[in-house]
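Engineer: Everything in the sequence shown is counted per my numbering, starting at 1 for the first residue and increasing by one. Submitted below is the structure of interest, expressed as structure tokens.
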Amino acid sequence: MLNFIKSENYKLLKSKGLYITYAICIALVIAAAFILNFSAHRGGYFPYYRTDFYLSNVLGMGVLLIIIGSIINSLLTNNESQKLLKQTVSFGISRTNIYFGKLFITFLYFLLLCLIGTVVMILMSYWLLPRNDAAVTDFLLALINLAPLLIGGFALAHALNISGIKDYLAGLLLVAIFLMSSSLFYVLYKLHDAFKFLYDYSPKVLMDRILSEYMDDHVILSADYWITGLILTIVSIAISYYYFRKKNL
């Protein structure tokens, strides 16, 4: 397992896609701070020249963060990688090691990007925006609530990517599941109150709740996010792992 992870890590580090993804994400984070600072100093009142507004952009783009995670994961699970699976198995590497090895190493690089992005955002907020320690503290608490949903989304992305379906289709399904599941549960909830629980705990509704609490300066750590995140993670991994072990390479 360890040797396979080292091999996958080497492949990932050789991929230009990894560095391009990192560069674009960090550049956008920095550019957003400069744009807010520049707009505020052009003269006149600019209501968005605030630390909380700058940081809230990340909380409002949870689905986009999951898509970024899916892109990183696809670097080791894309169609080209799928073609090499049979050869990899013939070398004596088990499907279990392949499945969880690719999941583990790509998640580490996604986590690293999230950590770097968080540090850069906080530094930029102190440098280019009005200081607001309370907004930064609430932002970190909100990220704790967001983390399990991102983990669940990443697990779902891995499940879709490693299934062998086309990359663009995996991305569309990922977005559809996150955005449309809440709409489906809302319709069911209107038909019967028994479905209210599913609606309240759907990923998109919880992400909107995180953003709303942050903008209202009332961030509360809650187990609700971990319940949904863990269920999404376990279900995604269990189903896709079973399918991956059975499918023809």
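We treat Cβ as the ideally placed atom computed from N, Cα and C, and that holds for glycine. All figures in this text were calculated on a predicted structure; none of them were measured in a lab.
With DSSP as the reference, label Val219 as helix, strand or coil.
Structural biologist: One-based indexing of the sequence shown puts residue 219 at position 219. The answer is coil: DSSP assigns Val219 none of H, G, I, E or B.
Engineer: Give the secondary structure of Leu84 by DSSP, where H, G and I count as helix, E and B as strand, and everything else as coil.
Structural biologist: On the sequence shown, position 84 is the one that residue 84 refers to. In the structure shown, Leu84 sits in coil (DSSP, three-state: anything other than H, G, I, E or B).
Engineer: Would you call the segment 72-89 in contact with the segment 176-184, where contact means no fewer than 3 C-beta pairs closer than 8 Å?
Structural biologist: Counting Cβ pairs under 8 Å, fewer than three are found: no touch.
Engineer: Compare the C-alpha of Ser70 against each of Lys166, Phe244, Leu206, Phe197 and name the closest.
Structural biologist: By one-based count along the sequence shown, residue 70 stands at place 70. The option with the nearest alpha carbon to Ser70 is Lys166.
Engineer: In this structure, how does DSSP classify Gly92 when only helix, strand and coil are distinguished?
Structural biologist: Counting from one through the sequence shown, the residue named residue 92 turns up at place 92. Gly92: coil per DSSP, three-state reduction.
Engineer: Please list the terminal residues of the continuous alpha helix (DSSP H) segment that includes Lys11.
Structural biologist: Here residue 11 refers to the residue found at position 11 when the sequence shown is read from its first residue. That run of the alpha helix (DSSP H) goes 2-14.
Engineer: Which residue wins for smallest C-alpha separation from Lys102, given the options Val119, Leu113, Ile72?
Structural biologist: For the purposes of this step, residue 102 is taken as residue 102 along the sequence shown, with counting starting at 1. Ranking Val119, Leu113, Ile72 by Cα distance to Lys102 puts Ile72 first.
Engineer: With three or more beta-carbon pairs closer than 8 Å as the criterion, would you say the segment 43-55 touches the segment 197-209?
Structural biologist: No, they do not touch.
Engineer: Note down, one range per segment and in chain order, each alpha helix (DSSP H) of at least 4 residues found wholly within the segment 181-232.
Structural biologist: Taking only runs of at least 4 residues, the alpha helix (DSSP H) segments lying wholly in the segment 181-232 are 196-200, 203-215.
Engineer: Should Val29 go down as buried or exposed, given a rule of 16 or more other Cβ atoms within 10 Å for buried?
Structural biologist: Residue 29 sits at position 29 when you count from the first residue of the sequence shown. Buried, because 16 or more other Cβ atoms sit within 10 Å of the Cβ of Val29.
Engineer: Using CA coordinates, which residue listed in Ala27, Leu75, Ser222 is at the minimum distance from Leu12?
Structural biologist: Counting from 1 along the sequence shown, the entry for residue 12 is found at position 12. Selected option, being the one with the closest Cα: Leu75.
Engineer: If you follow the alpha helix (DSSP H) that Ile151 is part of, which residue opens it and which one closes it?
Structural biologist: What you label residue 151 is simply residue 151 of the sequence shown in a count that begins at 1. Element bounds for Ile151: 133-162.
Engineer: If you draw a straight line from the alpha carbon of Asp138 to that of Phe178, how long is it in whole angstroms?
Structural biologist: Taking the sequence shown and counting its residues from 1, the one referred to as residue 138 is at position 138. Taking the sequence shown and counting its residues from 1, the one referred to as residue 178 is at position 178. Taking the straight line from one Cα to the other gives about 24 Å.
Engineer: Looking at the structure shown, is Gly44 part of a helix, part of a strand, or coil, going by DSSP?
Structural biologist: Position 44 of the sequence shown, counted from the start, is the residue given in the question as residue 44. If DSSP states are grouped into helix, strand and coil, Gly44 belongs with coil.
Engineer: For Tyr19, name the three-state secondary structure that DSSP assigns.
Structural biologist: In the sequence shown, residue 19 corresponds to position 19, counting from 1. Of the three classes helix, strand and coil, the one that applies to Tyr19 here is helix, per DSSP.
Engineer: Within 10 Å of its beta-carbon, does Asp193 have 16 or more other beta-carbons around it, so buried, or fewer, so exposed?
Structural biologist: On the sequence shown, position 193 is the one that residue 193 refers to. Under this definition Asp193 is an exposed residue.
Engineer: Around the C-beta of Glu80, are 16 or more other C-beta atoms found within 10 angstroms, so that it is buried, or is it exposed?
Structural biologist: What you label residue 80 is simply residue 80 of the sequence shown in a count that begins at 1. Exposed: under 16 other Cβ atoms inside 10 Å.
Engineer: Below 6 Å CB to CB, which residues in the same chain sit around Val219 once its five sequence neighbours on both sides are set aside?
Structural biologist: Numbered from 1 along the sequence shown, position 219 holds the residue referred to as residue 219. Here the set comprises Asp138, Leu141, Ala142, Glu213.
Engineer: Taking buried to mean at least 16 other C-beta atoms within 10 Å of its own C-beta, is Tyr243 buried or exposed?
Structural biologist: In the sequence shown, counting from the first residue as 1, residue 243 sits at position 243. Under this definition Tyr243 is an exposed residue.
Engineer: So what's Tyr99 in DSSP terms, helix, strand or just coil?
Structural biologist: As a working mapping, residue 99 is identified with position 99 in the sequence shown. Here Tyr99 sits in helix by DSSP.
Engineer: Could you compute how far the alpha carbon of Cys114 sits from the alpha carbon of Ile239?
Structural biologist: As a working note, residue 114 is residue 114 in the sequence shown. As a working note, residue 239 is residue 239 in the sequence shown. Distance between the alpha carbons of Cys114 and Ile239: 27 Å.
Engineer: Mind checking which residues open and close the alpha helix (DSSP H) that includes Tyr49?
Structural biologist: One-based indexing of the sequence shown puts residue 49 at position 49. First-last for Tyr49: undefined, no H or E at that position.
Engineer: Could you tell me the alpha carbon to alpha carbon distance between Lys246 and Ser15, rounded to whole angstroms?
Structural biologist: The count along the sequence shown starts at 1 and reaches residue 246 at position 246. The count along the sequence shown starts at 1 and reaches residue 15 at position 15. Those two C-alpha atoms are separated by around 29 Å.
Engineer: Which residue comes first and which comes last in the alpha helix (DSSP H) that contains Ile68?
Structural biologist: Here residue 68 refers to the residue found at position 68 of the sequence shown. Element bounds for Ile68: 62-77.
Engineer: So which of Val175, Pro148, Leu172, Ile35 has the shortest CA-CA distance to Thr228?
Structural biologist: The residue you call residue 228 lines up with position 228 of the sequence shown. For the residues Val175, Pro148, Leu172, Ile35, the minimum Cα distance to Thr228 belongs to Pro148.
Engineer: CB-CB under 8 Å to Pro130, same chain, minus the five flanking residues each way: which ones, in chain order?
Structural biologist: Sequence index remark: in the sequence shown, residue 130 carries index 130 (1-based). Correct list, in chain order: Tyr49, Arg50, Thr51.
Engineer: Answer with buried or exposed for Thr96, where buried requires no fewer than 16 other C-beta atoms within 10 angstroms of its C-beta.
Structural biologist: As a working note, residue 96 is residue 96 in the sequence shown. Exposed, by the Cβ-count rule.
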